[in-house]
Amino acid sequence: APLIHRLDYQQPAYWIRQVDLTFDLDPAKTLVTSKMQVERNRAVPHGPLRLHGEELNLLRVLINGAGVSFRQEGAELVVDNPPDEDFALEIRNTCCPDKNTALSGLYTSGGSFFTQCEAEGFRRITYFLDRPDVMAVYTVTLRADATKYPVLLSNGNLVETGTLDNGRHFAKWHDPFPKPSYLFAVVVGDLVTREQRIRTRAGKDHLLQVYVRRGDLEKTEHAMNSLIASIVWDEARFKLPLDLERFMVVGVSDFNMGAMENKGLNIFNTSALLASPATATDADFSRIESIVAHEYFHNWTGNRVTCRDWFQLSLKEGLTVFRDQEFSMDMAGSLSARAVCRIQDVRGLRAMQFPEDSGAMAHPVRPDSYSEINNFYTATVYEKGAEVVRMYQTLVGRKGFEAGMKLYFERHDGQAVTCDDFAQAIADANPGSALATRLDAFKRWYSQAGTPRITAHGEHDAAARTYTLKLTQHTPATPGQGDKQPQVIPIVTGLLDRHGAALPLDASGATETVLVLDQAEQTFTFENIDSEPVPSLLRGFSAPVVLDDGLSDAALLVLMRHDSDPFNRWEAGQRLALNRILAALRGGQPLQLSNAFIEAMRGVLNHPELDPAFKELALTLPGESYIAEQLDAVDPQAIHAAVMAAQQQLAAALRDDWAAAFEANQIQGGYTPDPVSSGKRALANLALSMLVLDARASGDAVWPGKAYQRFKDASNMTDRLGALAALVNAHAELAAPALERFHALFKDDALVIDKWFALQARAPEADGRVFARVKALTKHADFTLKNPNRARSLLASLCMFNPAAFHRADAAGYVFWAEQVLAIDAINPQLASRVARAMDRWAQLAEPYRSAAREAVARVAAKPDLSPDVREIVERALA
Ligand code: DPP
Ligand code: ZN
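Under our numbering, the residues of the sequence shown are numbered 23 to 901, in order.
What follows is the structure, given as structure tokens:
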């Protein structure tokens, strides 16, 4: 597949303004009739009409009702001499939903029909100008068997229904908003719906519907509540109302992504939609809330204003992730609960995006080239993109950002635009701001890949009573980008005295300020500082960078105990742990936690005021992939051994405190997934896992027994899975009977069985047992590569989230990876290429892993018939 370059963008030679689609639905052969109003684009030179089409059976092409000569060139249908004036184009073709295992285009799942058109799936339904800058008004008629497929859905408003011959029926939908083809959707099948009518602030009535398979209706209440909360929030925070009379959400079990924001007809992976206390964890509840919100927010940021081309993907994704993060924080409520959200988001960024930014797939937030766009739905485009949007808000303030959003919609509603258009709107609404005066430099966040490294060095001048902070920045080279320019980096800063009191930073008495670093090296001086302060930098993680402030353990302890910024309190604790682990790894010494660290952790665990949710985060050690990020030559086994040793010591040293925390965080009464209760459950689960871990080392049987009992008696999935995880992760003897019982209890609930697979594949490796179990589980009757959730639950869990089980000295993990990638690629290239990315960072591995990993990648790359998806990943890895 050829490489496509951002700078080669050209407008299309034709516009399609209206589409009238008719579907005669049949799983083996669906007939699609498409009648389009086409207009020559006079802004570009006259040329042939080229339509995209993949895996289609073409039946006929008519222009203005008459046959026309055409040719098929690769995946394109070419009409060399279309009329000069506007014309009607009619195309008939068939496609085969049952054979569509790639889950892109029109496919069947559980006997119903679904579509997924982003990014380039519409061309697998019919021939079209399948690119986001071609926006059309759609009218869609669906015809299908009335008994098998009682529900017929598409975008927009329902305008007509009726019966047909042979037991068939039809529905006709009209979407008044012009949209790109990637937002088109159809759902046809046997589904049931939860409905709710609402009246918004603006006084408009709307019908909200959540469609799922029979039997799943009681698991949709949380999604409906989340949708209503999202509608209310967007109207309140950004004055963005729901613009459709009807808003539909549908769940499907076979889905490549989390969910999809089709206009008025959002389609969700059931894992991102269905929840009940008995089957979903607190984490599931909060993930569902944020994904329902995310897709709803796309209605403005993505649908009303869309992307000109796919290089601009972060225009909608970075912005919409930022919006869903803000929403989740507002829903969480208290300052501490907001900080918990922020810490979780940053942990995710560091675990997924930082490694991406320093590996073979490193790319800018707005990529410059791709061969397969599906490979660029990445943590960089999404999560780093969201951090870029957050920096706008930090630089212009919350009100300024809201004004910028308002201007963005005033200028661009109904258009397909670029990241530059967004940047310009925010800057123009805030003239003279720290952003507007540095806009060109700020936009390097879109063009430069790699995570900037900041160093900070403070000097206190006792005589002058000044404190001077010298900041430097440097962005490491990434593939294809050797030279980097300085970035614009907002660094939210405070100073503490050595007892932890916040120091005034200027005459106004403010204790926090935003330093804007925009040079390679810069100094900032604070006055009237009597003694050496402890700097608290990058509060709230105000920029997606790596900070080396050189603080001593003593200074970190001051921050951990006293910083008014909860994020930096958490960060200080993580840094203390990381310093210990890295020192052990670099020195090749066994890890020994210091007393000061253990006492600090005890202080957090027993703190009378800190929230349980915060304690749980503070007492969780840094992840193995984040630790790997800090090292030049990564030995996953050594990292795992160090983390396990640290955990074991923390478990033993705080034994009584863990037991007290476990007892103190029991919840009486019914289940609700609110932040306070879920924080208590999280801390109780962490305590339990520490107690079981410690019991294994000491041979004690009490806590494993208690964990098993709790597992059996649990009244909600969070407690049940937490207890099961405590047993499985400690490799306790009771793990096997518990796993068996869990499977028997939930054998009919696919989403819970996914958890059962994932838990086993993510367990801490011990003597190769986890890897052996994963291999055995690929033969389990419930395992299949055809369902993406199931495949990910086992394979991504092992290859991407369990480094010590995957990276083996005997290379068996890599052999397994290669086999699985090739097997999945024959079924579903998008899914295969996700799993393929487990090897992005082979070059950072230490020997013997490095050579063996490279060899496995080369073996996959040597296959001639790889999908373009996997080919791009392995070739970038080898480049
Ligand atoms: N459906 C995916 C998302 O919402 C891609 N747009 O992020
Ligand atoms: Zn999105």
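From the three backbone atoms N, C-alpha and C, an ideal C-beta is built for every residue, glycine too.
Keep in mind it's a predicted model, so treat the numbers as computed, not measured.
- When DSSP reads this structure, residue 512 sits in a beta bridge with 538.
- Contact annotation, residue 23 with residue 890: C-beta distance approximately 4 Å; criterion of less than 8 Å satisfied.
- Non-local C-beta neighbours of residue 641 in its own chain, meaning closer than 7 Å and more than five positions away in sequence, comprise 623, 626, 627, 708, ordered along the chain.
- For residue 725, the enclosing alpha helix (DSSP H) stretches over residues 724–735.
- Closest option to residue 778, judged by alpha-carbon separation, among 302, 559, 391: 302.
- Straight-line spacing of the CA atoms in residue 770 and residue 120 works out to 23 Å.
- A distance of 8 Å or more separates the beta carbons of residue 180 and residue 208.
- Rounded to the nearest angstrom, the Cβ distance from residue 780 to residue 819 is 5 Å, consistent with a contact under 8 Å.
- Under DSSP, residue 614 shares a beta bridge with no residue.
- Judged by their CB atoms, residue 281 and residue 294 are nearer to each other than the 8 Å cut-off.
- Between residue 524 and residue 515, the C-beta gap is not smaller than 8 Å, which leaves the two residues out of contact.
- In the three-state DSSP reduction, residue 333 falls in the helix class (H, G or I).
- From the listed residues 59, 42, 48, 68, the smallest Cα separation to residue 33 is found for 68.
- In the DSSP annotation of this structure, the continuous segment of the alpha helix (DSSP H) that includes residue 776 starts and ends at 772–784.
- The alpha-carbon of residue 675 is positioned some 11 Å away from that of residue 616.
- The secondary-structure analysis by DSSP pairs residue 113 across a beta bridge with 56, 83.
- In this structure residue 611 is exposed. Its beta-carbon is surrounded by fewer than 16 other beta-carbon atoms within 10 angstroms.
- Annotation: residue 46 to residue 112 spans about 16 Å, alpha carbon to alpha carbon.
- Remark: C-beta atoms of residue 134 and residue 287 do not approach each other more closely than 8 Å.
- Each of 715, 720, 748, 371 was checked against the Cα of residue 731, and the nearest Cα belongs to 748.
- Ligand 2 has no heavy atom closer than 7 Å to the beta-carbon of residue 328.
- Taken through DSSP and simplified to helix, strand or coil, residue 744 comes out as helix.
- Of the heavy atoms belonging to ligand 2, at least one sits nearer than 7 Å to the Cβ of residue 283.
- Between residue 118 and residue 51, the C-beta spacing is below 8 Å.
- For ligand 2, no non-hydrogen atom lies closer than 7 Å to the CB of residue 222.
- Within the region 280–366, the runs of alpha helix (DSSP H) at least 4 residues long that lie entirely inside it are, in chain order, 304–320, 335–354.
- Cβ atoms of residue 232 and residue 222 stay farther apart than 8 Å, at about 18 Å.
- For the options 597, 510, 669, 361, the alpha carbon positioned closest to that of residue 587 is the one of 361.
- Taken from the Cβ of residue 342, at least one heavy atom of ligand 2 lies inside 7 Å.
- Beta-carbon to beta-carbon, residue 168 and residue 210 are separated by about 11 Å, too far to satisfy the 8 Å threshold.
- Relative to ligand 1, the nearest heavy atom lies less than 7 Å away from the CB of residue 399.
- One thing to note: residue 843 has its Cβ no nearer than 8 Å to the Cβ of residue 827.
- Per DSSP, reduced to three states, the secondary structure at residue 900 is helical.
- 8 Å or more divides the Cβ of residue 386 from the Cβ of residue 647.
- The alpha-carbon of residue 636 is positioned some 19 Å away from that of residue 349.
- Residue 752 sits buried, since 16 or more C-beta atoms from the chains shown fall within 10 Å of its C-beta.
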